[in-house]
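Peer 1: Residues -32 to -1, 1 to 478 (mature numbering (1 follows the signal peptide of the UniProt record, and there is no 0)) make up the sequence shown, in order.
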Amino acid sequence: MRRIPPRRRAVHGRAARAVAAVALTVAALTVAGCTAPRETGPRETNPRETGPRETNPGASAPLSPAPAGTPSTAPRVPLVLAAHATRPVLDIDAAAAQALLAGGADDWADLGLPRGRLRVTSALPDRAAPPGAAEAATPAEALDRVRADPDTLALVPADAVDPTVRVLTVGGAHPLADPTRYPLTTSGRPPQSVATVTIVGDIMLGRRVGDSLAAGEDPTAVFAPLADRLSGADLTVGTFEAALSDDGPPYQGADSFHADPEIALAGLDRAGFDAVSLANNHVGDFGTGALVTTFDIFDEAGIGRFGAGRDVAAARAPLIMEAQGQRIAFIGTESIEGVAATEDSPGVNRLSMPPRTGPLNRAEREATLQVIREAAADADVVIVMPHWGTQYTHEVEDSQRETARAFADAGADLVIGGHPHWVQGWEQLDDTTVAYSLGNFIFDMSMNDQVRQGVFVEITSWDGTVVAVDPVAHQIGDDHAPRLADDRARAEILGDLASTSSGPFADPDA
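#1: Given a cut-off of 8 Å, decide if Pro218 and Thr256 are closer than it, judged by their beta-carbon atoms.
#2: For the beta strand (DSSP E) holding Phe411, just list the boundary residues, first then last.
#3: Identify whether Gly463 lies in helix, strand or coil by the three-state DSSP scheme.
#4: Do you know offhand how far Phe208's Cα is from Phe241's?
#5: May I ask which residues mark the beginning and end of the alpha helix (DSSP H) holding residue 513?
#6: Please confirm whether Pro412 and His448 have their CB atoms less than 8 Å apart.
#7: Between which residues of its own chain and Leu233 is the CB-CB distance below 6 Å, once the five residues before and five after are set aside?
#8: Relative to the alpha-carbon of Arg134, which residue among Ala436, Val440, Ala466 has its alpha-carbon at the smallest distance?
#9: Buried or exposed: where does Gln220 fall if 16 or more other Cβ atoms within 10 Å of its Cβ makes it buried?
#10: Hey, would you say Ile384 sits closer than 8 Å to Ala403, going by beta carbons?
#11: Leu462 and Thr166: beta carbons closer than 8 Å?
#12: Does DSSP put Pro327 in a helix, a strand or coil?
#13: Under three-state DSSP, which class holds Gln338?
#14: Expressed to the nearest angstrom, what Euclidean distance is found between the alpha-carbon atoms of Ile288 and Arg333?
#15: What's the gap between the Cα of Gly340 and the Cα of Gly277?
#16: Within the same chain, show all residues whose beta-carbon is closer than 6 Å to that of Ile444, passing over the 5 residues directly before and after it, in chain order.
#17: Output the residue ranges of the beta strand (DSSP E) runs that lie fully inside the region 257 to 289 and measure 3 residues or longer, sorted by chain position.
#18: Looking at Ala211: is its Cβ nearer than 8 Å to the Cβ of Phe225?
#19: Kindly indicate which residue of Gly174, Leu121, Pro388, Gly293 has the alpha-carbon position closest to the one of Ala227.
#20: With Gly206 as the anchor, note down where its beta strand (DSSP E) starts and where it stops.
#21: At a cut-off of 7 Å, would you count Gln359 as near the ligand SAM, judging by its Cβ distance to the nearest heavy atom?
#22: Would you kindly work out how many angstroms separate the C-alpha atoms of Gly216 and Thr336, rounded to a whole number?
#23: Could you give the distance in angstroms between the alpha-carbon of Asn317 and the alpha-carbon of Thr120?
#24: Please go through the same chain and pick out, in chain order, the residues whose beta-carbon is closer than 7 Å to the beta-carbon of Ala459, but skip the five residues on each side of it.
#25: Please name the residue, chosen from Ala91, Ala65, Thr89, Gly71, that lies closest to Leu81 on a Cα-to-Cα basis.
#26: Given a cut-off of 8 Å on the beta-carbon distance, is the pair Arg158 and Arg44 in contact?
#27: Name the DSSP beta bridge partners of Asp75, please?
#28: Express the C-alpha separation of His250 and Gly306 in angstroms, rounding to a whole number.
#29: Per DSSP, what kind of secondary structure is Gln359 in: helix, strand or coil?
#30: Would you report the Cα separation of Thr(-8) and Ser429, rounded to the nearest angstrom?
#31: Counting along the chain, where does the beta strand (DSSP E) carrying Glu184 start and finish?
#32: If we ignore side chains and look at the alpha-carbon of each, how far apart do Pro476 and Pro193 end up?
#33: Just how far apart, CA to CA, sit Ile296 and Gly100?
#34: So Ile304 is in the beta strand (DSSP E); what residue range does that whole segment cover?
#35: Could you give the DSSP three-state label for Glu162: helix, strand or coil?
#36: Sorted by chain position, which residues of the same chain lie with C-beta nearer than 8 Å to Ala347's C-beta, five sequence neighbours on each side aside?
Below, the structure written as structure tokens:
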């Protein structure tokens, strides 16, 4: 079981704020005040922003102060505005939030968002519901109303929220990822630790991507548009789908992927990547010698790796990293056609299953399930990243669903898949959030719109409990660089995701 600390990077303001959450109180939260005016029209917020923000120098208290007579040291948590999971994380300004709490709202336009019917429900321990809002008996009841109706917005304490809803940000501050900067508070149990993890889809820096980077002035150009956002998380992880050496025969002909190690490491470093999954069908494209060289290059660079190793035990072993005092375990599996590790040869952690590697191999799966069980006993959060499924479709294989359930039952908190090159749906299995495919993150495919679309996920954990898994839609440009999707593309990408999702992640009106 490999344990390494996150890579050393510049200390961001968000990381320092997360440490301050150990003593999260009214005094800590009041520092936030009102933040900079938001842009005209709705925007998908960046909850990982770490740079300086314009503030209101006259603001000295949160918008929702403790009721009169409440001791100033009473525990407080963010007052969350929770929406249906099919909605993106959108930002409203402090004035709109204050108006909602004071006077209610019946249209999303009242919050500065696109027009549409709005129903507000409230379950706050220290204040009455706003005018026109429906009072819920408990936060759980209020959140159930949100899950059943995309037009409903719930006002609840942050410690009641889970990944099956989305939260609005206020003035750019995410109530779960950045609670000390978020301006709305209510009574509740604050976390001792807040950790954030960002996971992206498949990263392929070979072929035309590599040629373009080698010929250009900036070898990190494909990471540049999202580098600040990615590096703002405590841990940043992705699937690296190429070998860092071509010293061997190309096993997949023209589809054998090799990335220049200097270019690859420069880009990963710029975007703050702490670890990569090597559980994929291209990392061994140039044979086991090149594969071992790839291991060595990542190890020497201080980038964690998992899902492939010098033997099968190493390939299956979890990588455990620390973030804000929380232990996060990563486990990778590969179900396509990569070089499988054995007891005495390097390769990937093979989990044979349809459609590419035959019937489900239950012995291989049980070996990984045992690793998950052991990791769950040793770590606070367990994330499994399988490389699986059918390419170029939003549809999920039955074998994926069956295996996701097995991962969840073994103790995985999150299952974040890749390989299909298209986004695939989500579901909630008890306390486990499953995203079957994030799609491509950096790739040179262009045969249809879907291969140039994807999501990355921004995960927040409070004291070892995952409280948010936010999908962020992106588009890959002609320069192979991913950028945040515009409004039209974002609606299309998240709509495709919802169309093959189930439970709280599906649109009940569809």
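A virtual CB, placed ideally from N, CA and C, is assigned to each residue, including glycine.
Peer 2: In brief:
#1: In the sequence shown, the residue the question calls residue 256 occupies position 288. In the sequence shown, the residue the question calls residue 218 occupies position 250. For the 8 Å CB-CB criterion, Thr256 and Pro218 do not form a contact.
#2: Residue mapping note: residue 411 aligns to position 443 of the sequence shown, counting from 1. Element bounds for Phe411: n/a, residue is neither H nor E.
#3: To locate residue 463, count along the sequence shown from 1; it is residue 495. Here Gly463 sits in helix by DSSP.
#4: By one-based count along the sequence shown, residue 208 stands at place 240. By one-based count along the sequence shown, residue 241 stands at place 273. Distance between the alpha carbons of Phe208 and Phe241: 11 Å.
#5: Outside the shown range of the chain, which is -32 to 478, sits residue 513, and nothing can be said about it.
#6: Counted from its first residue, the sequence shown places residue 412 at position 444. Counted from its first residue, the sequence shown places residue 448 at position 480. Note that residue 412 is Asp in the sequence shown, not Pro. Yes. Within cutoff.
#7: For the purposes of this step, residue 233 is identified with residue 265 of the sequence shown, where counting begins at 1. Setting aside the 5 residues that flank it on each side, Leu233 is surrounded in the same chain by Ala269, each with a C-beta closer than 6 Å to its C-beta; the list follows chain order.
#8: Indexing the sequence shown from 1 puts residue 134 at position 166. Nearest neighbour of Arg134 by Cα position, chosen from Ala436, Val440, Ala466, turns out to be Ala436.
#9: As a working note, residue 220 is residue 252 in the sequence shown. Exposed is the call here.
#10: The residue labelled residue 384 in the question sits at position 416 within the sequence shown. The residue labelled residue 403 in the question sits at position 435 within the sequence shown. Yes, the Cβ-Cβ distance between Ile384 and Ala403 is below 8 Å.
#11: Taking the sequence shown and counting its residues from 1, one reaches residue 462 at position 494. Taking the sequence shown and counting its residues from 1, one reaches residue 166 at position 198. Result no, Cβ atoms of Leu462 and Thr166 do not sit closer than 8 Å.
#12: Indexing the sequence shown from 1 puts residue 327 at position 359. In the structure shown, Pro327 sits in coil (DSSP, three-state: anything other than H, G, I, E or B).
#13: Against the sequence shown, residue 338 aligns to sequence position 370. Residue state, collapsed to three classes: helix.
#14: By 1-based counting over the sequence shown, the position of residue 288 is 320. By 1-based counting over the sequence shown, the position of residue 333 is 365. Straight-line Cα distance between these residues: approximately 20 Å.
#15: As a working note, residue 340 is residue 372 in the sequence shown. As a working note, residue 277 is residue 309 in the sequence shown. The residue asked about is misnamed: residue 340 is Ile in this sequence, not Gly. One C-alpha to the other measures close to 17 Å.
#16: Residue 444 sits at position 476 when you count from the first residue of the sequence shown. Same-chain partners within the cutoff: Arg420, Pro450.
#17: Within the region 257 to 289, the runs of beta strand (DSSP E) that reach at least 3 residues and sit entirely inside it are, in chain order, 272 to 274.
#18: Taking the first residue of the sequence shown as position 1, residue 211 is located at position 243. Taking the first residue of the sequence shown as position 1, residue 225 is located at position 257. Result yes, Cβ atoms of Ala211 and Phe225 sit closer than 8 Å.
#19: Here the question's residue 227 lines up with position 259 in the sequence shown. The residue from Gly174, Leu121, Pro388, Gly293 with its alpha-carbon nearest to that of Ala227 is Gly174.
#20: Position 238 of the sequence shown holds residue 206. Where Gly206 is concerned, the enclosing beta strand (DSSP E) starts and stops at 203 to 208.
#21: Within the structure as shown, the ligand SAM is missing, as the structure has no ligands at all.
#22: Within the sequence shown, numbered from 1, the residue matching residue 216 stands at position 248. Within the sequence shown, numbered from 1, the residue matching residue 336 stands at position 368. Inter-residue distance for Gly216 and Thr336 is about 30 Å (C-alpha atoms, whole angstroms).
#23: Taking the sequence shown and counting its residues from 1, the one referred to as residue 317 is at position 349. Taking the sequence shown and counting its residues from 1, the one referred to as residue 120 is at position 152. Asn317 and Thr120 have their C-alpha atoms roughly 43 Å apart.
#24: In the sequence shown, counting from the first residue as 1, residue 459 sits at position 491. Sequence-distant partners of Ala459 (beyond 5 residues in either direction) whose C-beta falls short of 7 Å from its own C-beta are missing from its chain.
#25: Counted from its first residue, the sequence shown places residue 81 at position 113. Closest by alpha carbon: Ala65.
#26: If you number the sequence shown from 1, residue 158 lands on position 190. If you number the sequence shown from 1, residue 44 lands on position 76. It is Pro, not Arg, that sits at residue 158 in the sequence shown. Yes, they are a contact pair.
#27: Residue numbering aside, residue 75 sits at position 107 when the sequence shown is read from its first letter. Arg85.
#28: One-based indexing of the sequence shown puts residue 306 at position 338. One-based indexing of the sequence shown puts residue 250 at position 282. Rounded to the nearest angstrom, the gap between the Cα atoms of Gly306 and His250 is 6 Å.
#29: Sequence index remark: in the sequence shown, residue 359 carries index 391 (1-based). DSSP places Gln359 outside both helix and strand once states are collapsed to three, so it counts as coil.
#30: Numbered from 1 along the sequence shown, position 25 holds the residue referred to as residue -8. Numbered from 1 along the sequence shown, position 461 holds the residue referred to as residue 429. Only weak support exists for where Thr(-8) lies, its pLDDT of 36 falling under 50; the value from the coordinates is given anyway. Computed Cα separation, rounded: 19 Å.
#31: As a working note, residue 184 is residue 216 in the sequence shown. It is worth fixing the name first, because residue 184 is Gly in this sequence and not Glu. Neither: Gly184 is in no beta strand (DSSP E) and is coded neither H nor E.
#32: As a working note, residue 476 is residue 508 in the sequence shown. As a working note, residue 193 is residue 225 in the sequence shown. Spanning the two alpha carbons is a distance of roughly 34 Å.
#33: The sequence position of residue 296 within the sequence shown is 328, counting from 1. The sequence position of residue 100 within the sequence shown is 132, counting from 1. Cα to Cα, the separation comes out at about 43 Å.
#34: If you number the sequence shown from 1, residue 304 lands on position 336. According to the DSSP assignment, Ile304 belongs to no beta strand (DSSP E), since it is labelled neither H nor E.
#35: Sequence index remark: in the sequence shown, residue 162 carries index 194 (1-based). Glu is not the amino acid found at residue 162; the sequence shown has Val there. Three-state result, Val162: strand.
#36: For the purposes of this step, residue 347 is taken as residue 379 along the sequence shown, with counting starting at 1. Closer than 8 Å at the Cβ level, and outside the excluded window around Ala347, lie Pro286, Ile288, Arg295, Ile296, Ala297.
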